[in-house]
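Have a look at the structure below before the remarks.
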Amino acid sequence: MPENERPSSAESLASEQELSRSDVSILGRIESSSNGALLVELCGGHLAIYKPESLERPLWDFPSGLYRRERASYVLARQLGLDFIPPIVIRDDLPLGRGSLQSFVEADFDRHYFDLYDDPALRPRFIEIAAFDIVANNADRKAGHLLIDHQHHLWGIDNALCFHDEPKLRTVIWEFGASALDERLIDALARAAATLNPELCELLTQRERRTLQHRLRVLSAMGTLIDLDVDERPYPWPLV
2 MPENERPSSA ESLASEQELS RSDVSILGRI ESSSNGALLV ELCGGHLAIY
52 KPESLERPLW DFPSGLYRRE RASYVLARQL GLDFIPPIVI RDDLPLGRGS
102 LQSFVEADFD RHYFDLYDDP ALRPRFIEIA AFDIVANNAD RKAGHLLIDH
152 QHHLWGIDNA LCFHDEPKLR TVIWEFGASA LDERLIDALA RAAATLNPEL
202 CELLTQRERR TLQHRLRVLS AMGTLIDLDV DERPYPWPLV
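Its first residue numbered 2, the sequence shown is counted upward by one per residue in the working numbering.
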């Protein structure tokens, strides 16, 4: 499709309302996904990613129900005023049972973090995503989980391995260590530390909520991203 005929980022994504109410047709399985992920079409024509709990691969360090953590990541990002996670809902009435349904991003899939991080226009967004990953304790921020759409909007997908109550941070985003956070983000971190969105209280355990609020308080007090020596930086594997 020619560049000038492509929909805007907002127009190309299904809304939470559409995701919650639309009938879906399964188009096929995404083979590259480590957990079962299905590409589906909504009755309005939008595409979405369906991740049923029944297709989750068991993990030794995270309990089943990863779809809940995907939704929790979206809820936290919205509470912090960050618009980088596509809309996602939890549904019980889908063909393979309970799971998450997330709007599909029409992105340039040939590009990922290592192609994008040195773009000055994207620096503020990467700093925000890095801050989110620190407080969410993201254990799996691979380069391929960061996508750029045709409107140059940055998106972060596959946010399931978050909110563990033990230190689990593994990310590729280490080029912005010690960068100052925007004052609005610092204020949002502090407000969330004081009062979490009520839905997060339903999606996370008490211990997970407590450690999340601790990380929110620490980062808001620091006002900068953490900075580690190269030899200390925890990376996910594979990197992409």
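Glycine residues also receive a C-beta, built at the ideal position from the N, C-alpha and C atoms.
8 Å or more divides the Cβ of residue 57 from the Cβ of residue 29. Short of 6 Å from the beta carbon of residue 228, and not among the five residues preceding or following it, lie these beta carbons of its own chain, in chain order: 178, 179. If only uninterrupted alpha helix (DSSP H) runs of at least 4 residues are considered, those enclosed by the region 55-99 are 67-80. Collapsing the DSSP output to three states places residue 120 in coil. Residues 135, 136, 138 of the same chain have their beta carbon placed closer than 7 Å to that of residue 216, with the five preceding and five following residues left out of the count. Boundaries for residue 31: no alpha helix (DSSP H) harbours it, and the DSSP string shows neither H nor E there.
The DSSP-derived three-state label of residue 53 is strand. Secondary structure remark: continuous beta strand (DSSP E) runs of at least 3 residues inside the region 114-195, in chain order: 147-149, 155-157.
Rounded to the nearest whole angstrom, the CA to CA distance from residue 76 to residue 108 is 22 Å. Residue 190 and residue 26 have their C-alpha atoms roughly 39 Å apart.
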